[in-house]
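Asks: Chains as they are written, first to last, in the working numbering: chain A, 241 to 371; chain B, 19 to 612. Dumping the structure here so I can ask a few things about it.
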């Protein structure tokens, strides 16, 4: 399965990682789902999110950012503003994915104990579009 | 953070409030004749006041009814009906939402709004889908398929539409199967404690609509009443002017006169009753009939013997022997029968003569009863009017203070319809003008109830009253009435020895009722208007004409005003006081309210 709408953040180049992340989140008017980790569930989440990221609503596109190493971009993630969801209240080890709105606020969190199927990832994108 | 905390506290308060608040099934607003709407807030008053000619619009909250009905039965629907309604609304907007897919040429702000609209709608239905096991699997499959995005969403809409339809049908089936019915009725209770009578509620019963009656806003007594009242007022004024306030002693004398009349009427009636009883006993009707009865018994006995004889002859095995015995017996019977029949004839003729005499006596008794009874009745009739006035006074002084909810037993008649929850009409208009004859301070009761007819055969259905509302009717909009009375006039410049001169007067007083105060409607009831009176300042026996303004309160028990005597060219002030009993001479005021 190809990942057409996914940006894979490199773990070995911090500067590039930061540049790519900031570009997608802060510079582009897109709805973003960020997936953390590298396991089977993370892969399923990425594949499901990538499929749902093909949808365009009112001209707004969707994108997926895959941060394979949880240690990468910790500060940038922590700096994200809370929206309907608040990452500062979460145990990051249990966060599988989260969605970001056009206002750059965190709107939905998918936990590691949830099934990251197409329906769930679609809900994450939709939640990001509600503000 | 603080905002979020405040929001959560508010949400919790709202949820707790909703849980503890009494379920309100009926939302009622009053629509007055000029079309103005007055929503009725039962949290502010349990006994609202409405205008006597208005319309009560009753809205029924079906979801609230359903919630209560569900509590009567153990099973609950899988999904709340309100949620299904919300989802149905979004499904109905499918075309509008799917049109937002793809690129757009609208402005950024407009596109943001479109994105929000799409996201909110789809999130609602997908959240619902995720909570229904089979549905979530199917929706997930569609979202992972290779259909175009439009096809995917359209398929999701269709799937959810089918699911909600199934759930709605299930709710309807389970509600119907649970046999809980809704009923709504209304009654009118008259202020004088009369019977509670059911009134027609459109769509909810088959009672006949009441006769149209609009309580008039301008009350004008008949010309005969005006003439009579004015004559009484003239007499009252004359009495006061000649005898002063000593004429008030007439009240006591009048009451004594009522007592004496009652006593003599009672004596008359008792004497009449005793007389009738005595005369009836003397008629001796029973003893006149006794011989006839005795002879009739004797003839019956004889006939029975003959019958026995014939039967014996028929059944005997030896016809000749039996025949000889029977013939002897028959001869004896025939001898006594002849004399029995002859003496019966005599007794019959005598009895008829005696009865004819009695009927003459009965005719005389009837004539005597008519004469004595009529005389007693004539002595009672004048008392009726005086007692009515006393009763009216007592009732009016008692009619103060706040409303009380009388303990009224409201039973649905068979004419009140039963509705399954889904079939309850959304609202009804109860036009008070079609509830028949009514008066201020009468009350309208509205009751909603659920009936569970799933009971053992022969048992009545279980009724659970879910809401009862009481409305008291008063004339609120501006209304006026013309009345005749006596006022006590005092000119600003002294023109006679007394301070006050009584004079008959006409007043037309306009009032506006209160929607919030019983005390005001029943007691204070302030009115303003015009007054015309006929004082005699120059004491020449010819009254002059005075015109002025008047303020009246306490249901016309107290009146105050200013006027100008055109004949004497003098200004004056006046007061009026209302007394109820015509004989004591100050019969002011309004015609009786009933």
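Yeah, the Cβ is synthetic: ideal placement off N, Cα and C, and Gly gets one too.
Which full runs of the beta strand (DSSP E) of 3+ residues lie inside the region 515-552 of chain B, going along the chain?
Replies: Taking only runs of at least 3 residues, the beta strand (DSSP E) segments lying wholly in the region 515-552 of chain B are 519-529 and 545-551.
Asks: Here's the rule: buried if 16 or more other CB atoms are within 10 angstroms of the residue's CB, otherwise exposed. What is residue 373 of chain B?
Replies: Counting Cβ neighbours within 10 Å, residue 373 of chain B comes out exposed, since fewer than 16 surround it.
Asks: With 8 Å set as the bound, which would you pick, yes or no: does the beta-carbon of residue 242 of chain A sit closer than that to a beta-carbon of chain B?
Replies: It does not: the Cβ of residue 242 of chain A has no partner Cβ on chain B nearer than 8 Å.
Asks: Does the Cβ of residue 582 of chain B have 16 or more other Cβ atoms within 10 Å, making it buried, or fewer, making it exposed?
Replies: With fewer than 16 other Cβ atoms within 10 Å, it is exposed.
Asks: If we define contact as Cβ-Cβ less than 8 Å, is residue 264 of chain A a contact residue for chain E?
Replies: Here chain E cannot be found, since the structure's protein chains are A and B.
Asks: Who does residue 271 of chain A pair with in a DSSP beta bridge?
Replies: Paired residue(s): A/302.
Asks: For residue 76 of chain B, which residues in chain A fall below 9 Å Cβ to Cβ?
Replies: Those do not exist, as residue 76 of chain B stays about 38 Å from chain A at its closest Cβ, beyond 9 Å.
Asks: Do you know how far the Cα of residue 173 of chain B is from the Cα of residue 189 of chain B?
Replies: Roughly 25 Å between the two C-alpha positions.
Asks: Closer than 7 Å to a non-hydrogen atom of the ligand HEM - does that hold for the CB of residue 230 of chain B?
Replies: By its list of ligands, the structure shown contains no ligand whatsoever, and the ligand HEM lies outside what it can speak to.
Asks: Would you verify that the beta carbon of residue 363 of chain A is, or is not, closer than 8 Å to some beta carbon of chain B?
Replies: So, interface residue.
Asks: Would you please state the rounded distance, in angstroms, between the beta carbons of residue 86 of chain B and residue 468 of chain B? I believe it to be under 8 Å.
Replies: 6 Å between Cβ atoms; contact.
Asks: Indicate whether at least one CB of chain A lies closer than 8 Å to the CB of residue 443 of chain B.
Replies: Answer no: the Cβ-Cβ gap between residue 443 of chain B and chain A never drops below 8 Å.
Asks: Can you list, in chain order, the residues of its chain whose CB lies under 7 Å from that of residue 220 of chain B, leaving out five sequence neighbours each side?
Replies: For residue 220 of chain B, where only same-chain residues beyond five positions count, the Cβ hits under 7 Å are 446 and 447.
Asks: Tell me, which residues are paired with residue 348 of chain A by DSSP?
Replies: Residue 348 of chain A is bridged to A/339.
Asks: Let's see if you can read the secondary structure: which residues bound the beta strand (DSSP E) around residue 317 of chain A?
Replies: Here residue 317 of chain A belongs to no beta strand (DSSP E); instead the alpha helix (DSSP H) covers 314-318.
Asks: Under the three-state reduction of DSSP, which class applies to residue 512 of chain B: helix, strand or coil?
Replies: The answer is coil: DSSP assigns residue 512 of chain B none of H, G, I, E or B.
Asks: Using the C-alpha atoms, what's the distance from residue 585 of chain B back to residue 523 of chain B?
Replies: Going from the Cα of residue 523 of chain B to the Cα of residue 585 of chain B covers about 15 Å.
Asks: On the CB-based measure, 16 or more other CB atoms within 10 Å of its CB, does residue 537 of chain B come out buried or exposed?
Replies: With fewer than 16 other Cβ atoms within 10 Å, it is exposed.
Asks: Can you tell me whether residue 366 of chain A is buried or exposed? The criterion is at least 16 other CB atoms within 10 Å of its CB, across all chains shown.
Replies: Counting Cβ neighbours within 10 Å, residue 366 of chain A comes out buried, since at least 16 surround it.
Asks: Quick one: what's got a C-beta closer than 7 Å to residue 281 of chain A's C-beta in the same chain, skipping five residues either side?
Replies: Same-chain partners within the cutoff: 336, 352 and 356.
Asks: Could you check how far apart the C-beta atoms of residue 272 of chain A and residue 317 of chain A are, in whole angstroms? I think they sit under 8 Å.
Replies: So it is not a contact: roughly 12 Å between Cβ atoms.
Asks: Round the Cβ separation of residue 307 of chain A and residue 274 of chain A to the nearest angstrom and send it over; I've been treating them as touching at under 8 Å.
Replies: Sure, about 6 Å apart at Cβ, within 8 Å.
Asks: Starting from residue 57 of chain B and walking both ways along the beta strand (DSSP E), at which residues does that stretch end?
Replies: Counting along the chain, the beta strand (DSSP E) containing residue 57 of chain B begins and ends at 55-57.
Asks: Using a Cβ-Cβ distance under 8 Å, would residue 369 of chain A count as near chain B?
Replies: By this cut-off, residue 369 of chain A is an interface position.
Asks: Does the beta-carbon distance from residue 493 of chain B to residue 531 of chain B come in below 8 Å?
Replies: In contact: residue 493 of chain B and residue 531 of chain B (Cβ atoms closer than 8 Å).
Asks: Strictly under 8 Å for the Cβ-Cβ distance: is residue 182 of chain B near chain A by that measure?
Replies: Taking Cβ atoms only, chain A never reaches closer than 8 Å to residue 182 of chain B, which makes this a no.
Asks: Who are the neighbours of residue 136 of chain B on chain A, taking C-beta pairs under 9 Å?
Replies: Correct list: 297, 298, 366 and 369.
Asks: Exposed or buried, residue 332 of chain A, counting other C-beta atoms within 10 Å across all chains shown (16 or more means buried)?
Replies: Exposed, by the Cβ-count rule.
Asks: Since residue 233 of chain B contacts residue 70 of chain B with CB under 8 Å, what's their CB separation in whole angstroms?
Replies: With a Cβ gap of about 5 Å, residue 233 of chain B and residue 70 of chain B count as contacting.
Asks: Nearest-angstrom Cα distance between residue 38 of chain B and residue 534 of chain B?
Replies: Its pLDDT being 38, under 50, residue 38 of chain B is placed unreliably in this model, and the value from its coordinates should be taken loosely. Approximately 27 Å, taken between the alpha carbons.
Asks: Cβ closer than 7 Å: which chain A residues qualify as neighbours of residue 158 of chain B?
Replies: Correct list: 357, 358 and 359.
Asks: Is residue 491 of chain B helix, strand or coil by DSSP?
Replies: Of the three classes helix, strand and coil, the one that applies to residue 491 of chain B here is strand, per DSSP.
Asks: Give me the chain A residues within the contact set of residue 148 of chain B, using Cβ-Cβ distance strictly less than 8 Å, ordered along the chain.
Replies: Simply 359, 360 and 363.
Asks: Taking residue 305 of chain B as the reference, give the member of B/236, B/370, B/205 and B/141 with the closest Cα.
Replies: Nearest C-alpha to residue 305 of chain B: B/370.
Asks: Given a threshold of 16 other Cβ atoms within 10 Å of its Cβ, counted over all protein chains shown, does residue 565 of chain B qualify as buried or as exposed?
Replies: Exposed, since its Cβ has fewer than 16 Cβ neighbours within 10 Å.
Asks: Comparing the C-beta of residue 294 of chain A with each C-beta of chain B, is any distance below 8 Å?
Replies: Yes, residue 294 of chain A lies at the interface with chain B (some Cβ there is under 8 Å from its Cβ).
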